[in-house]
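Peer 1: Residue numbers (the working numbering): 288 to 498. Glycine included, every Cβ here is placed at the ideal spot set by N, Cα and C. Nothing here was measured: the structure is a model prediction, and the numbers come from that model. Before I ask anything, let me first share the structure, which is written out below as structure tokens.
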């Protein structure tokens, strides 16, 4: 009897446990299914702007074309480019009347001729005020350069209608017979612009050693 009772009670207990486990499993599935439901999402869309300003594209300004520069014609004159920095030409600002020149007191070198009748015909002009086509500066004498001598030479001369220099005379010089020959040799190579008349002119060459 005990064995039968035990078997019956075991069967009931097993059946009860089976149903109990079944109920527990089914309830978990329902909970999982409820949780698996996708949430309802609400999307909010921004309102579009109604006032939209459109900028107009500005066209670039056209740059005016530059006109080509006209080339100027350059007239070349026969002027020697070499300049002796040790010799300076002293300008004479006022014209000299021939009455103020003492012809007898003027010394001359060999090759420099004096024509007193020509000098007395017209006013003596400053050579720097006239248009010079060719200019040659005197050379500094070697002896004077070695002795570090300085000085000046004032000349008077005749300019022909063709612009050539002649009749060179020495008005004054210091030291005497030191720079005279160099000054006369240079002024004879000068060339002036042609004119309708002959002109008497004067010029002073200053000899200074550059420091």
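#1: Check this for me: beta carbons of residue 493 and residue 439, under 7 Å apart or not?
#2: Between the alpha carbons of residue 424 and residue 352, how many angstroms are there, rounded?
#3: Nearest by alpha-carbon distance to residue 476: which of 419, 303, 411 and 437 is it?
#4: If you draw a straight line from the C-alpha of residue 343 to the C-alpha of residue 355, how long is it?
#5: Rounded to a whole number of angstroms, what is the C-alpha to C-alpha distance between residue 416 and residue 349?
#6: If you reduce the DSSP assignment to three classes, tell me which class residue 310 lands in.
#7: Using the three-state DSSP reduction, which class does residue 430 fall into: helix, strand or coil?
#8: What three-state label does DSSP hand residue 438 in the structure shown?
#9: Which residues bound the alpha helix (DSSP H) around residue 468?
Peer 2: For this structure:
#1: Using a Cβ distance threshold of 7 Å, residue 493 and residue 439 count as a contacting pair.
#2: 49 Å
#3: 419
#4: 36 Å
#5: 52 Å
#6: Helix.
#7: helix
#8: strand
#9: 467–474
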